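Going line by line, the protein sequences match chains A and B.
So the first sequence is residues 20 to 665, counted in the numbering used here.
So the second sequence is residues 182 to 675, counted in the numbering used here.
See below for the structure under consideration.
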Amino acid sequence: MQTLYLLVPIAPLIGAIVAGLFGRNIGTVWSHRVTISLVFVSFIASLIIFWDVLNGNIFNGTVYTWLVTGNTSFEIGFLIDQLSATMMVVVSLVSLMVHIYTIGYMQGDPGYQRFFSYISLFTFSMMMLVMSNNFLQLFFGWEAVGLVSYLLIGFWYTRPTAIYANLKAFLVNRVGDFGFLLGIALVLMHFGTLDYAMVFEQAPEMAEKTVELIPGTSWLIITVICILLFIGAMGKSAQFPLHVWLPDSMEGPTPISALIHAATMVTAGIFMVARMSPLFELSDVALSTVLVVGGITTLFMALVAVVQNDIKRVVAYSTLSQLGYMTVALGASAYSAAIFHLMTHAFFKAVLFLGAGSVIIAMHHEQNMEKMGGLKRYMPITYWTMFIAALASAGVPGFSGFFSKDAIIEAVAFANIPFAGFAYFCVLATVFVTALYTFRLLFMTFHGKPRMDEHTRSHLHESPWVVTLPLIILAIPTIGAGWFIGPIVFGDYFKDVIYVLPEHPAIEKLGAEFTGIGGMMVHALSTAPFWLSLAGILTAWYLYTIRTDIPGKIKAACGPIYTVLDKKYYIDELYSWLFAGGTRAVSTGLWKFGDMKIIDGLIVNGSAKLVAWIATLVRRFQTGYIYHYAFTMIVGIFAILTFWLY
Amino acid sequence: MLFGFPLLSLIIWLPILVGITVLATGNDRNAQLARWIALAGSILGFLVAIPLYTGFDPATSAMQFVENRTWFERFNVYYHIGVDGISMPLILLNCFTTPLVIMAGWQVIQERVSQYMGAFLIMSGIVNGVFASMDAVLFYVFWEASLIPMFLIIGIWGGPNRVYAAIKFFLYTLLGSLLMLVAFIYLYQSSGGSFFIADYHQLPIPLNAQILIFIAFLLAFAVKVPMWPVHTWLPDAHVEAPTGGSVVLAAIMLKLGGYGFLRFSLPIVPDASHYLADMMIVLSLIAVVYIGLVALMQTDMKKLIAYSSVAHMGFVTLGFFLFNAYGIEGAMVQMISHGFISGAMFLCVGVLYDRLHSRQISDYGGVVNKMPAFAAFFMLFAMANAGLPGTSGFVGEFMVIMGAVKVNFWYAFLAATTLIFGAAYTLWMYKRVIFGAVASPAVERLQDISRREFVLLAILALAVIWLGVYPFPLTDVMHVTVDNLLEHVGNSKL
């Protein structure tokens, strides 16, 4: 079994190395054959491991010792339990589908082999992240997926927007990682180890201990640690106010938007917080912070999605909002619901993104939905799979997204920590908005009259099988993954992994009411989310298929609000002025004034000049003319005589 | 000593002898011969250093491979050499770097080839001598001697403003070292006439004298590291130095300063070290934050990397004065790793400079279109410079931050800003130089790296990844020595 554990990350790593270093020698076909088969190996191994874990075989062990310092040993190791096994299956499945899809999407691109190398490298990094049994390896995976994301956003490196976006993504993530690393440092300091199991074991003893970070204030150590760790999660999972990089990351090729910026990498933060539940549970302040950040992200990012016209940007903002849902669930101590939504979202969002990519190929890389319309006729498979994903996204009963999202909303209603009310309002209001933007996308793209030019229209056709097959395969869990809510969220599937204090009984209360998926669907008919979702779909249908003139009028009538949403609350402008501009100004000041004027100019060269000046002065006394010396002698004799005489 | 064989002497004198042989090949008609002798000698120099690692006993903090011969009997000066877990990795780093700089100057240096190659070999031997000396006079002789080859390298094969840079480098470092000599003479007197460094470690010294000695050492070592605010010679020296000179300067010469703190300041004057630790930490943090910011706005690639060196060396001095194992071992790892990374970064800039004869960032853009293999290497080293886990750049910074948080959360907070600034200045430069569309006809004509350049960069790439993925063998050899040092520093000598 342990060989199998190793195989899961190593297989894609080998694929990445082969395609990356020898891609030119083996050609395009063999590059994708090698990488795809190795990711397939990883997927099968993940399935076997998943099955093994279901049979109760948990593994926690070391692979090798990274280094030893002081009396701490830092190790690379695996923790294979329900949480990591679930993540491994989701990651390898979506990754495999995206690998296959890429054959179609990246056909003819000069960087074809490089692309396969990157996505395989990503799979390796993500596996290292989820399989880790300690904070150090978690951080390694964390930054490694960030690196691959950076490389892939800037994949088309001649585009100025792409290389702007990838630098921005990396730096914003680094701000999060800054907090994350400090959190890890505090964990090491107070627990003396970075091993999960040992840290969690000691956590209850740490619950009451405080620390004075700013003299005179007392902080629970656990609160400080959790908030710092959560800052890391905010960067990686693009939560407000560190969300700014995700929409721009759409500059990357669509397959990676699906794999990295929707289904897997961005959920690393959610995964991490769920993994750290024994710590987060001990701090209500941290949980409230998580709730508020998640709530803001959920609602406000969903609103932005409504006004976007770029098909990928709509899905990107939708991702932000859905990540907000997961974050809210974490804050409400509904960790299992968060992970469950992570899973269903991975499937339906992957379908939405890959479907959007399929549309983009058909439209000859046109992404503006205003130039689409009526595509349903030309691309039936893409349409129907996206339709299913849209239903799941909007939370229509029966589809996967319904179960996970409904569980989150209900759990927040039961949550009893501060700001739960605010978060509940956010997640509830967002149900309507989600249905609206999702179906707006669907109707604008696939329904109504075709708005593209004649040339494009005449070439419209369904994408090749390598593109549609992943869509179909992923559509299956998009429908059915939700049906497992009973055991996963309310059952004892996560009972040894996720730790919830009795004081945070949201999931427990919800579980008590749960009577099976049929009962959940029937119950939903009498609750607000269902009707809000239905209202959203109907609104979208009315505005974008029946009365297509109304959206323009609304836009005109709500000018300022529209502008604010269209400009994404001016956050990008603020950041680039304040942080980018501010840092550059300070840097220039320190360099030109501090370093060049004061240190080098005044002190270093100044002292050299001083020596030179004194030397010049002294030199004047040594002119070499005899009459100068004679004159000085006479003056001297006079002076001495005068001194003696008086 | 291994089977009675003077291995350490061989490691010191072999490169010097080969260097003299290279000098003897004379003028540039024999340039090719000079190059090959130099390369063979430097590789041999590395090979003979390997037994130093394989034969090293990591279980003891005592000096190993010791040789002791009388030099000036009257003043108790001995030719006394040996290594421990702190100096041994640095000697290996030095021997590893020398063949690389010989190869780096293979084509680009066409004038006075034998002198150029000879200077590097001689310097390599001298630096090994600095790290191996157990006698203060011997140490001082090697220490000052190491200035001469570097002075010549900058002054003869440097850029347009080379004379200013060379003199600034020389005066700056010489001035610092003179006070160290004064400190040695004081220690000689008060120890009753011994130049044996280990005697000084045991010598009780009153606090006010300790502080003066500390400051004398500080001036010598801080200039070398360099610490803020005595760092301004470094950007000038780097900008003017030829590529090989920059590599040795960054990878090796700066480490002399760091080594000095560990061998002299901490063990000889532990009470003063504790007394002044806060000041040292603040200076180090200024180096990390202030210099990190200064690096951001540089328009010259070499200056940018020079400033980034200062910021990274800030982690080294920060680690020393945390007085815990994470800090000191992290600082050691950081020194070795910085040797690989800064060397590689300067080589990368050298690769570009050899082709376009410009170091200005604005003269480049879109290099990846023409030099994809080079861009891949540069990416790896840039990420290592930004401290990405999995590369050596992460290990030292991680350990020092872990050590800093134990002392004071805010030290760690300020040190950790390197995660943001380090990434910002490195990747912003990378973006402007490498990414984008081809920016100019000159870039359009660029040729990708040659086989020689490929080998150079590939060796460093392997080193950077190896140390990042598996640093255990490195920290393993220094453990006992560092523990012993920490215990020693913990005891007051008043």
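C-beta: ideal position from N, C-alpha, C; glycine also.
All values reported here derive from a predicted model rather than from experimental measurement.
For residue i and residue j, which I take to be in contact (beta-carbon distance under 8 angstroms), what is that distance rounded to the nearest angstrom?
i               : j               : result
L466 of chain B : V605 of chain A : About 16 angstroms separates the two Cβ atoms, so there is no contact after all.
G198 of chain A : L265 of chain A : Their Cβ separation, rounded to whole angstroms, is 18 angstroms, which puts G198 of chain A and L265 of chain A out of contact at 8 angstroms.
I407 of chain A : A348 of chain A : So it is not a contact: roughly 23 angstroms between Cβ atoms.
W287 of chain B : R210 of chain B : Actually they are not in contact, since the Cβ atoms of W287 of chain B and R210 of chain B sit about 17 angstroms apart, beyond 8 angstroms.
V109 of chain A : A365 of chain A : 5 angstroms
T572 of chain B : G649 of chain B : 4 angstroms
L186 of chain A : V164 of chain A : Not confirmed; about 17 angstroms, so no contact.
L371 of chain A : G271 of chain A : So it is not a contact: roughly 16 angstroms between Cβ atoms.
L584 of chain A : I358 of chain A : Actually they are not in contact, since the Cβ atoms of L584 of chain A and I358 of chain A sit about 31 angstroms apart, beyond 8 angstroms.
A512 of chain B : G500 of chain B : 3 angstroms
Which of helix, strand or coil does DSSP assign to residue i?
i               : result
F186 of chain B : strand
N211 of chain B : helix
Q479 of chain B : coil
E248 of chain B : strand
Y594 of chain A : helix
E94 of chain A  : strand
N672 of chain B : coil
D316 of chain B : strand
Y545 of chain B : coil
W409 of chain B : coil
F301 of chain B : helix
F562 of chain B : helix
V583 of chain A : helix
W287 of chain B : coil
Y646 of chain A : helix
Would you check if the distance between the CB atom of residue i and the CB atom of residue j is smaller than 8 angstroms?
i               : j               : result
W679 of chain B : Y369 of chain B : With chain B covering 182 to 675 only, the question about residue 679 of chain B has no answer from this structure.
G392 of chain A : G440 of chain A : no
A313 of chain B : H419 of chain B : no
F502 of chain B : I462 of chain B : yes
A409 of chain A : L461 of chain A : yes
L200 of chain A : L207 of chain A : no
Y169 of chain A : F97 of chain A  : no
P416 of chain A : F549 of chain A : yes
R470 of chain A : V325 of chain A : no
V309 of chain A : T346 of chain A : yes
S446 of chain B : F398 of chain B : yes
L490 of chain A : T564 of chain A : no
F246 of chain B : L189 of chain B : yes
S139 of chain A : V58 of chain A  : yes
V113 of chain A : L322 of chain A : no
Which residues of chain A have a Cβ atom closer than 7 angstroms to the Cβ of residue i, listed in chain order?
i               : result
E510 of chain B : T88
F616 of chain B : G173, Y176 and I182
W609 of chain B : L186
K612 of chain B : I182 and L186
Sorry if obvious, but does the Cβ on residue i come closer than 7 angstroms to a heavy atom of the ligand ADP?
i               : result
K514 of chain A : The ligand ADP is not part of the structure shown, which contains no ligands of any sort.
Kindly list, in the order they appear in chain B, the residues whose Cβ is closer than 7 angstroms to that of residue i.
i               : result
M208 of chain A : V586 and K587
I618 of chain A : P410 and T413
Could you tell me which chain B residues have their CB closer than 9 angstroms to the CB of residue i, listed as they occur along the chain?
i               : result
L201 of chain A : I582, V586, F590, A593, F594 and A597
Quick one: which chain A residues come within Cβ less than 8 angstroms of residue i?
i               : result
V549 of chain B : Y176
List the residues of chain B whose Cβ lies closer than 8 angstroms to the Cβ of residue i, in chain order.
i               : result
T602 of chain A : L474, L477 and A605
Every unbroken alpha helix (DSSP H) within the segment 148-219 of chain A, with a cutoff of 4 residues, ordered by chain: 154-172 and 179-210
Secondary structure, alpha helix (DSSP H): runs of 4+ residues fully inside the segment 434-511 of chain B: 435-441, 451-456, 458-477 and 482-501
Runs of alpha helix (DSSP H) wholly within the segment 325-358 of chain A (minimum 4 residues, chain order): 330-350
Unbroken stretches of the alpha helix (DSSP H), 4 residues or longer, contained in the segment 368-395 of chain B: 378-383
3 or more residues per run - each beta strand (DSSP E) lying fully within the segment 403-481 of chain A: none
Those runs of the alpha helix (DSSP H) which lie wholly inside the segment 503-576 of chain A and span at least 4 residues: 525-532, 536-543, 547-560 and 569-576
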